[in-house]
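Asks: Residue numbering for the sequence shown follows the numbering used here, starting at 254 and increasing by one per position.
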Amino acid sequence: MILLTGGESMSRLFDLDWQLVADAVLMIIAIFFLFLIMSYFLFNPVRKMLNSRREKIHGELETAKQDMEEAQKLRGEYEAKLKNIDKEAEGILSEARKKALNNENQIIAQAKEEAARILERARVEAELERQKLSDDVKREIISVASLMASKVVAVSIDTTIQNQLIDETLKEMGDKTWLN
């Protein structure tokens, strides 16, 4: 210390003596050893904890990245499936339309067949009715012819001659007369 008092002179600048330097060096060495001990007991566990925390965060980031990639992949698959669902729905609708058209064509074909059967049956019935009318006309003509023949010939002609006359009359009229 510098004292500026009246009679003393300044002998040391900072008042350094060997004892102070030795105490300072010992203090520095003690602080260094304290730092090493603290480093071993305090800093290393903190470093280990920070490194494990860093590794955990890095692992979580990697997991998140993989999950994100998997999610993107699943999203792409779902979008492809949605597109395929639209295509499948269109295919199903197309198939349903084809089936409906086929059913419609089958129903029309069955209706035409039924109409043809009905027309054929009506034609056969008309032909049978015409035959029946033709037979009725023949019987009527035969009865009229026999009545005429009986009046003309009178009672003297026997039945064989009468039948012969009827057959001749029918032959003269011919088959075309019956069809009209």
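Glycine is no exception: its CB is placed at the ideal position from the N, C-alpha and C atoms.
Cutting at 6 Å between CB atoms, please list the residues of its own chain near L423, excluding the five before and the five after it.
Replies: Contacts found: none.
Asks: Which class does N416 belong to by DSSP, given the choice of helix, strand or coil?
Replies: Of the three classes helix, strand and coil, the one that applies to N416 here is helix, per DSSP.
Asks: Where does D270 fall in DSSP's three states?
Replies: Three-state result, D270: coil.
Asks: Thinking C-beta only, is Q417 closer than 9 Å to S403?
Replies: Against a cut-off of 9 Å, the Cβ pair of Q417 and S403 comes out as no contact.
Asks: Can you look up D276 in the DSSP assignment and give me helix, strand or coil?
Replies: Three-state result, D276: helix.
Asks: Where does D388 sit, in a helix, a strand or coil, going by DSSP?
Replies: In the structure shown, D388 sits in a helix (DSSP, three-state: H, G or I).
Asks: Measure the C-alpha to C-alpha separation of A283 and D270 and round it to an integer number of angstroms.
Replies: Distance between the alpha carbons of A283 and D270: 20 Å.
Asks: Helix, strand or coil: how does DSSP classify G427 here?
Replies: DSSP places G427 in coil when its eight states are reduced to three.
Asks: What would DSSP say about D339, mapped onto helix, strand or coil?
Replies: Of the three classes helix, strand and coil, the one that applies to D339 here is helix, per DSSP.
Asks: Using three-state DSSP, classify D320 as helix, strand or coil.
Replies: The answer is helix: DSSP assigns D320 an H, G or I state.
Asks: Taking the alpha-carbon positions, what's the A342 to N355 distance?
Replies: Straight-line Cα distance between these residues: approximately 20 Å.
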